[in-house]
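Each residue of the sequence shown is one higher than the one before, counting from 4 in our numbering.
Backbone N, C-alpha and C define an ideal beta-carbon position, used for all residues, glycine too.
On a predicted model such as this, the values are computed, not experimentally measured, just so you know.
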Amino acid sequence: MTNNTLIIGASGGIGRALVRKFSERGDTVFTVDRKRGHSEKHTEDADNIHSYHIASHSDTEISALVANFKDADININNVVIALGMLHNHDADIHPEKRMEEVSEQSLSVYFAVNSIIPMLWLKHLINIIDRKQATIVCLSARVGSISDNGLGGWYGYRASKAALNMLVKTASVEYRRRVKDSVLVCYHPGTVDTALSKPFQKNVAAEKLFTADFTASQLITHLPKLDREQACHFIDWRGEVVTW
Ligand SMILES: NC(=O)c1ccc[n+]([C@@H]2O[C@H](COP(=O)([O-])OP(=O)(O)OC[C@H]3O[C@@H](n4cnc5c(N)ncnc54)[C@H](OP(=O)(O)O)[C@@H]3O)[C@@H](O)[C@H]2O)c1
């Protein structure tokens, strides 16, 4: 069976690598990203890559795009939601070191991008998910683990990833009811050399800073090994369990 793979947030460092790796594997790959004049092209010219652009990941736009897929009879059995935000220079949003740096505005942006957009996708994807078997991955982060939080800081990013994990876990229960062989996955990719981690790379040992291609390959290696009896997993790039 050929996989119909959907990469949401395909313009990002990890998103682009996932598109490359899944298309090299022979999947039919559908990509979604925001319309941006400057976004770098991946190997979209490959026959098995179909790119879609939306102005924003609003409920309405996601719903309309998913309806297009449905009208075209496209069923998806493999999804990675690869978007996310840690800092935004233009909006003056940076991970907080102290409580005084927390603001209403930055918290709402963190939750909007890291928790709400992925949940809106999960809500609409149910309409085009292959009823026989489906795997849906959300790029999360170890810092979203509540039990692993020894360092503190990064309030908005941590909390929005913890919220993402809960939304994914909750959705996995309902997906399992509606699509028997469905598995949802929260994936910690490691520290990966992309725009997102750039400002925080100086204290990362060279061997712990991964390429996007590496983490994308690791994900592709570990997905088939997951116990499909379990509706939801939180794993890292080694395939090891991350505690919630
Ligand atoms: N890199 C790491 O070290 C690392 C570590 C742990 C977890 N992660 C997670 O991995 C995922 C991918 O990160 P990355 O390293 O590939 O980051 P990246 O290169 O900065 O890509 C971020 C992606 O998110 C999208 N995005 C950002 N703000 C958005 C918004 N307001 N609305 C819609 N889309 C938005 C970007 O789209 P545009 O191109 O349209 O802006 C882009 O596709 C994220 O969820 C991140 O939290 C990364």
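In the three-state reduction of the DSSP assignment, D151 falls in the coil class. Within the same chain, D151, H191, D239, V245 come within 8 Å of R145 by CB-CB distance, once the 5 residues on both sides are set aside.
By the beta-carbon neighbour count (other beta carbons within 10 angstroms, threshold 16), R161 is buried.
Its chain contains V32, T46, A49, N51, I52 as the residues whose beta carbon lies nearer than 8 Å to that of S26, once the 5 sequence neighbours on both sides are disregarded; these appear in chain order. For I11, the pairing in a beta bridge is given by DSSP as V35, I84.
Beta-bridge pairing by DSSP links F213 to V195. A13 is positioned such that its CB atom lies closer than 8 Å to that of D36. A straight line joining the alpha-carbon of F203 with that of E64 spans about 33 Å. With respect to T173, G193 sits apart: the two C-beta atoms are not nearer than 8 Å.
Of the other Cβ atoms in all chains shown, 16 or more fall within 10 Å of the Cβ of N168; this residue is therefore buried. Within the same chain, Cβ atoms closer than 6 Å to the Cβ of E99 are found at V105, Y158, the five residues on either side in sequence being excluded.
Taking a 10 Å sphere around the C-beta of A215, we find 16 or more other C-beta atoms and assign the residue as buried. Under the three-state reduction of DSSP output, L187 falls in the strand class. The shortest CA-to-CA distance from H60 to any of V140, L123, A198, A20 is the one to L123. Excluding five sequence positions before and after L199, the CB atoms of its chain that fall closer than 6 Å to its own CB belong to L89, given in chain order. In this structure, the C-beta of H97 stays at least 7 Å away from each heavy atom of ligand 1.
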